[in-house]
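Participant:
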Amino acid sequence: MTADSVTACATGAGTEPTPAEMRRAMSAFATGVTVVTGVDAAGEPVGFACQSFASVSLDPPLILFCADHRGRTWPRLREAGRFCVNVLAEDQSELCGRFGSGKGRKFDGLAWDLSRWRTPALRGVLMRAHAEVFAVHAAGDHDVVIGKVLEVEGEADRDPMLFFRGRFGLGTEPAGAQGAAARFPWGWGDRWG
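For what it's worth, our numbering labels the leading residue of the sequence shown as 138, then goes sequentially.
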């Protein structure tokens, strides 16, 4: 994004951004990384990596996350009605990769606990928020999911995992082919959620 394009945005000049332009612009906003988990109607644990997460209200305690309409996991969580947001620490890239891809069974060989709210609680995360679906608002190609928090658990006092400019962390740009893998670890086509 150049100074001219920032000026164009501020003055209302220009055209609506393309999806690629929108993704590139929004990558300038660093976010934490979470894994949203639940147990579907068939009793199977499900989950997906999610960077669109925020606190909405303290009284009542409400949170939100956004999930792609085209995702396979969100419809199963919505039907279940309860979910857990697991906030990842910076050293949990394997956990993030496991849930950030649409390939493979995400809970295979993974140690986790079933919470008293019947949601999968991932071990070693920074924080867990157990919630029930309070409201869902369709917004473009995503649903904005508002959850009423039932319980919060803080577990670890470590640094968070950050997602910034298409990669993890705030350090310098990785070099070469290894850098390309680090830059797009989930694959934009995986349709988180």
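Ideal Cβ positions, reconstructed from N, Cα and C, are used throughout, including at glycine. On a predicted model such as this, the values are computed, not experimentally measured, just so you know.
Please state the DSSP three-state secondary structure of Arg219.
Facilitator: strand
Participant: Using DSSP with H/G/I as helix, E/B as strand and the rest coil, what is Trp254?
Facilitator: coil
Participant: Ends of the alpha helix (DSSP H) at Ser189?
Facilitator: Premise fails: Ser189 is in no alpha helix (DSSP H) and is neither H nor E.
Participant: Which partner residues does Cys203 have in the DSSP bridge list?
Facilitator: Paired residue(s): Val281.
Participant: One question on the structure: do Ala266 and Cys233 come within less than 9 Å of each other, judged by their Cβ atoms?
Facilitator: no
Participant: Between which two residues does the beta strand (DSSP E) holding Phe301 run?
Facilitator: Leu299 to Phe301
Participant: Drop a sphere of 10 angstroms on the beta-carbon of Met159, count the other beta-carbons inside from all chains shown, and report buried for 16 or more, exposed for fewer.
Facilitator: Met159 should be labelled exposed.
Participant: Which class does Thr309 belong to by DSSP, given the choice of helix, strand or coil?
Facilitator: Confidence at Thr309 is low in this model, with a pLDDT of 48, below 50, so its placement is unreliable and the value that follows should be read with caution. Secondary structure at Thr309: coil, using DSSP grouped into helix, strand and coil.
Participant: Note the first and the last residue of the continuous alpha helix (DSSP H) segment covering Arg160.
Facilitator: Pro156 to Met163
Participant: Taking 8 Å as the threshold, find out whether the stretch 195-213 comes into contact with the stretch 276-288 through three or more Cβ pairs.
Facilitator: yes
Participant: Hey, out of Phe244, Arg260, Val282 and His274, whose CA is closest to Glu181's CA?
Facilitator: Phe244
Participant: Is it a yes or a no for the stretch 265-279 touching the stretch 208-220, going by three-plus beta-carbon pairs under 8 Å?
Facilitator: yes
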